[in-house]
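> Numbering that gives the first Met the number 0 applies: residue 0 is where the sequence shown begins, and numbers increase by one.
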Amino acid sequence: MGSTQVEFNNPATSTLLELVKSRRTYYGLKAESPISDDAIESIVQNSVLHVPSSFNTQTSRVVLLLKEEHQKVWDIAIKAMEGLVAAGQVPKEMYENHTKPKLEAFRAAYGTVLFFVDYDSLAAIKEKFAIYADKFDPFALESNAMSQYLVWVALQSEGFGANLQHYSPLIDADIQKTWSLPASWKLDAQLVFGVPTSDPGEKAFAPIEDRLKVFGKSA
Ligand SMILES: Cc1cc2nc3c(=O)[nH]c(=O)nc-3n(C[C@H](O)[C@H](O)[C@H](O)COP(=O)(O)O)c2cc1C
Numbered sequence: 000m001g002s003t004q005v006e007f008n009n010p011a012t013s014t015l016l017e018l019v020k021s022r023r024t025y026y027g028l029k030a031e032s033p034i035s036d037d038a039i040e041s042i043v044q045n046s047v048l049h050v051p052s053s054f055n056t057q058t059s060r061v062v063l064l065l066k067e068e069h070q071k072v073w074d075i076a077i078k079a080m081e082g083l084v085a086a087g088q089v090p091k092e093m094y095e096n097h098t099k100p101k102l103e104a105f106r107a108a109y110g111t112v113l114f115f116v117d118y119d120s121l122a123a124i125k126e127k128f129a130i131y132a133d134k135f136d137p138f139a140l141e142s143n144a145m146s147q148y149l150v151w152v153a154l155q156s157e158g159f160g161a162n163l164q165h166y167s168p169l170i171d172a173d174i175q176k177t178w179s180l181p182a183s184w185k186l187d188a189q190l191v192f193g194v195p196t197s198d199p200g201e202k203a204f205a206p207i208e209d210r211l212k213v214f215g216k217s218a
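1. Give the secondary structure of alanine 188 by DSSP, where H, G and I count as helix, E and B as strand, and everything else as coil.
2. Using 8 Å as the cut-off, can you tell me whether the stretch 35-54 makes contact with the stretch 85-99, which would need three or more C-beta pairs spanning the two stretches below that distance?
3. Label histidine 69 either buried or exposed according to how many other C-beta atoms from any shown protein chain fall within 10 Å of its C-beta, with 16 as the threshold for buried.
4. Of the choices Leu121, Thr196, Arg22 and Ser21, whose alpha-carbon is the least far from that of threonine 56?
5. Classify phenylalanine 159 as buried or exposed, calling it buried when 16 or more other Cβ atoms lie within 10 Å of its own Cβ.
6. Which residue marks the beginning of the alpha helix (DSSP H) containing threonine 14, and which one marks its end?
7. Round the Cβ separation of leucine 64 and threonine 24 to the nearest angstrom and send it over; I've been treating them as touching at under 8 Å.
8. Beta-carbon within less than 7 Å of glycine 1's beta-carbon, same chain only, minus the 5 sequence neighbours each way: which residues are those?
9. Given a threshold of 16 other Cβ atoms within 10 Å of its Cβ, counted over all protein chains shown, does isoleucine 34 qualify as buried or as exposed?
10. In the DSSP output, what is glycine 110 paired with across the bridge?
11. What is the DSSP secondary structure of lysine 216, counted as helix, strand or coil?
12. How would you write the range of the alpha helix (DSSP H) that alanine 172 sits in, first residue to last?
13. Any residue with its Cβ nearer than 6 Å to a heavy atom of ligand 1 should be included. What is that list in chain order?
14. CA-CA distance, alanine 182 and asparagine 9?
15. Counting pairs of Cβ atoms below 8 Å between the stretch 47-56 and the stretch 140-160, do you hit three or more?
16. Per DSSP, which residues does leucine 163 bridge with? Please list them.
17. If you draw a straight line from the C-alpha of tyrosine 148 to the C-alpha of leucine 113, how long is it?
18. Taking the CB atoms as reference points, tell me whether glycine 152 and leucine 28 lie closer together than 8 Å.
19. Check whether the stretch 126-135 touches the stretch 93-107, taking contact to mean three or more Cβ pairs, one atom from each stretch, closer than 8 Å.
20. By the 10 Å Cβ neighbour count, where 16 or more other Cβ atoms means buried, how is glycine 193 classified, buried or exposed?
21. If you draw a straight line from the alpha carbon of isoleucine 75 to that of aspartate 209, how long is it in whole angstroms?
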């Protein structure tokens with residue numbers, strides 16, 4: 000699998016793959032940015048506009064939150080978790096020792112990108128292509144994940160670190176209310192980003208031979 004020895008027609012392909020290889024999960028983040036807020040917005044905007052969706056349904060919805068607006072997400076999550084502790088649904092010790100420090104670390108970052116899917120917007124196409132009706136929701140989520148990944152890689156390329164979180168449905172109602180978002184926007188993921196303060200953890204790879212098969216290759 001000599002992927003390091005190959006030559007590409009376009010040097011940008013090597014650059015792209017280097018970025019793909021270097022993207023990691025960073026949990027230690029601080030509230031600083033190596034680029035302008037406009038540049039961050041451009042990354043997010045391109046991910047909304049140019050990431051494909053099935054039948055070009057364009058089902059992804061995204062909210063970019065910076066600085067104090069970003070902190071509100073994690074205040075909402077902290078409040079929601081403390082509600083679960085008060086209701087006896089989450090052990091206090093676990094919350095204090097594990098969950099709270101994690102949430103405070105997210106809050107200490109620079110921004111959060113909220114990724115939503117508007118499933119309601121698929122009603123007409125589900126009727127039109129009834130044979131695919133049950134496929135449209137998963138397709139919409141897959142398209143959303145592509146946007147998440149693109150933003151993650153591009154932010155890291157610009158000197159940020161990021162981590163991907165899933166606090167839905169715990170935070171959904173407060174998120175919708177705080178930013179007056181349409182009820183049809185269903186939250187999927189929260190991408191937290193900031194300037195890294197620590198390295199990512201070790202990462203193990205299963206043998207590629209067990210995960211990829213190639214047939215018909217020229218010598
Ligand atoms: C679909 C998906 C969901 C994930 N959900 C979470 C999550 O809820 N919380 C979290 O801390 N990391 C989450 N991660 C990050 C993974 O744990 C991480 O990407 C994986 O361990 C590989 O590490 P790396 O990102 O450093 O390459 C998620 C990643 C993916 C692709």
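Note that beta-carbon positions come from the ideal geometry of N, C-alpha and C, so glycine has one too. In this text the structure is predicted, and so the values were computed from the model without any measurement.
Checking against the coordinates, here is how it stands:
1. DSSP places alanine 188 in strand when its eight states are reduced to three.
2. Not touching, per the Cβ criterion.
3. Buried is the call here.
4. That would be Leu121, whose Cα lies nearest to the Cα of threonine 56.
5. With 16 or more other Cβ atoms within 10 Å, it is buried.
6. Unbroken alpha helix (DSSP H) run through threonine 14: 10-21.
7. Threonine 24 and leucine 64 do not touch by the CB rule: their CB atoms are close to 20 Å apart, not below 8 Å.
8. Confidence is the limiting factor: at glycine 1 the pLDDT is only 48, short of 50, which leaves the residue's position unreliable and the question unanswerable from this model.
9. By the neighbour-count rule (16 or more Cβ atoms within 10 Å), isoleucine 34 is not buried but exposed.
10. Under the DSSP definition of a beta bridge, glycine 110 partners with Leu65 and Phe192.
11. It is coil, neither helix nor strand.
12. That run of the alpha helix (DSSP H) goes 171-177.
13. With 6 Å as the limit, the residues whose C-beta approaches any heavy atom of ligand 1 more closely are Arg23, Thr24, Asn162, Leu163, Gln164, His165, Pro199 and Lys202, in sequence along the chain.
14. Roughly 44 Å separates the two Cα atoms.
15. Cβ pair count under 8 Å is three or more, so yes.
16. In the DSSP output, where bridge partners are listed per residue, leucine 163 has Leu190.
17. Taking the straight line joining both Cα atoms gives about 13 Å.
18. The sequence shown places valine at residue 152, rather than the glycine named in the question. Taking 8 Å as the cut-off, the Cβ atoms of valine 152 and leucine 28 do not count as close.
19. Judged by Cβ distances under 8 Å, the stretch 126-135 makes no contact with the stretch 93-107, as fewer than three pairs qualify.
20. Buried, by the Cβ-count rule.
21. One C-alpha to the other measures close to 42 Å.
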